[in-house]
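*Asks:* Residue numbers (UniProt numbering), protein chains in the order written: chain A, 1 to 146; chain B, 1 to 199. Using N, Cα and C, we set each Cβ at its ideal position, and we do this for glycine too.
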Amino acid sequence: MVVFALLIINKAGGLVYNRTFAPGLQKLDSNDYLILAGTFHGIHAISRTISPAPRAPHPPGTRPPPTTGIETMDAGRFRLTCFQTPTGVKFLLFTSPEQPNAEAIIRRCYEMYGEMVMKNPFYSLEMPVRVEKFDRVLGGYLVRPG
Amino acid sequence: MSVYSFFIFDRHTECIYSRRWVDKHLNASNRPNSSALGHGDVPATAKKAMKDRDDVRSPALLPTNPPHDRSFPDSAANFIAIIVVQAKLIFGTLFSLRRMVRQLGGSEDQFLSYRTGEYKLHYFETPTQLKFVMLTDTRVGNMRTVLYQIWATLYVEYVVKSPLSPTEHPGGLGVANELFEGGLERFIESIFGVPQTTQ
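1. What is the DSSP secondary structure of A:L141, reduced to helix, strand or coil?
2. Cβ closer than 8 Å: which chain A residues qualify as neighbours of B:S18?
3. Who are A:Q84's beta bridge partners in DSSP?
4. Hey, how far is the Cα of A:Q99 from the Cα of A:M1?
5. By how many angstroms is the C-alpha of B:Y4 removed from the C-alpha of A:P66?
6. Using a beta-carbon distance below 8 Å, is B:Q149 in contact with chain A?
7. Less than 6 Å between C-beta atoms, sequence neighbours within five positions excluded: which residues of the same chain meet that for B:P63?
8. Are the stretch 46-62 of chain A and the stretch 113-133 of chain A touching by the rule of at least three beta carbon pairs closer than 8 Å?
9. Thinking C-alpha only, which one of B:L147, B:R139, B:V22, B:G141 is nearest B:V133?
10. Would you check if the stretch 1-17 of chain A and the stretch 77-91 of chain A touch, i.e. whether three or more CB-CB distances between them fall below 8 Å?
11. My output table needs one value for A:R108: the three-state DSSP class, helix, strand or coil.
12. Show which residues of chain A have a CB atom less than 9 Å away from the CB atom of B:Q129.
13. For the alpha helix (DSSP H) that B:R83 lies in, which residues bound it at each end?
14. When you compare each of B:R139, B:N142, B:S190, B:A176 to B:E157 by their alpha carbons, which one comes out closest?
15. For A:T95, is the classification buried or exposed, using 16 other Cβ atoms within 10 angstroms of its Cβ as the cut-off for buried?
16. Using beta carbons (cut-off 8 Å, strictly below), is B:E118 in contact with chain A?
17. Run the CB neighbour count on B:K131, radius 10 Å, all protein chains shown included, and call it buried at 16 or more, exposed below.
18. Quick check: the Cα distance between B:R186 and B:W21, rounded to an integer number of angstroms?
19. DSSP has B:L135 in a bridge; who is on the other side?
20. Please name the residue or residues paired with A:L34 in a DSSP beta bridge.
21. In angstroms with no decimal places, state the Cα-to-Cα distance between A:F4 and A:P97.
So this is what it looks like as structure tokens:
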């Protein structure tokens, strides 16, 4: 049970945070991570439009409930959990396939982001996250001791 | 548990077979109710013919669809066009995800499935790069073995071994034969219990 990496994608599809916590995934350079973030942003949008499920009934005159995009993706060696905040920021957590409670972990990361990044007066919106305290606390939470 | 649709893509990125099932909770009146679509699968050659035919039929279908209801297409022809577009979108999604998985997990890693709040997409790829895709609701577990079964016991037996079907299937030629379709129908029924109505 390992958390491999956390990516934060802003609402425009740009990668704003990228950190690896444990080895297990292939090493990619930062350019590849940027491409990956942009690609995933697109796939996420497409996965919302190809929903074959019947729409949930909603009162006439109101908007239908929004469809969610990809929430989890399974591959042979890892699992990707995606959490999209109401403002469109996406948190991507790469874990080992058997990792439980990935949703809870990702929520906790979101809370930390809210506390330490969004409340930081020196952070400019939509820009890469360079907040030392966020790095430290996140590392303390997700890096396994030993 | 219910199944929404099933697609086969060949190695030339073409959708060679598609089939959709109507969810039982859907009321039939909301759906374009065309007998031309009763076969489920629509090979590309037949699609054009059906499109032409449905263009003529569409005025009769129109009154049954409320014009403000944009979630359902106006006519069966439109509906087929939407299926074609959807197949392309699904393929594009799979292609990108597959590449992403290989990039991150190594070249032997493979993409298995993804889940959104509304549906789940299951994926299986054969060594010959045939891609089997199934869209189900989110409560369904791993369907990889089921897709493997469809390939091994239905596709190989009834499509590959058929003397009438060509090696490649441009436009879905030779895939949608009676035995394969019937076998698929029964197999899906045996897994999902209640008979699923074909759309």
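*Replies:* For this structure:
1. The question names Leu, but residue 141 of chain A in the sequence shown is Tyr. Correct three-state label for A:Y141: helix.
2. Those within 8 Å of B:S18 in chain A number zero; the least Cβ separation is about 11 Å.
3. A:K90
4. 5 Å
5. 20 Å
6. no
7. Because the pLDDT at B:P63 is just 37, under 50, the model does not fix this residue reliably, and the value given afterwards should be weighed accordingly. Within the same chain, B:P63 has no close Cβ partners at all.
8. no
9. B:L147
10. yes
11. helix
12. Those within 9 Å of B:Q129 in chain A number zero; the least Cβ separation is about 17 Å.
13. Before going further, note that residue 83 of chain B is Ile rather than Arg in the sequence given. Here the alpha helix (DSSP H) through B:I83 covers 76-105.
14. B:A176
15. buried
16. yes
17. buried
18. 13 Å
19. B:S5, B:L121
20. None; A:L34 has no bridge partner.
21. 11 Å
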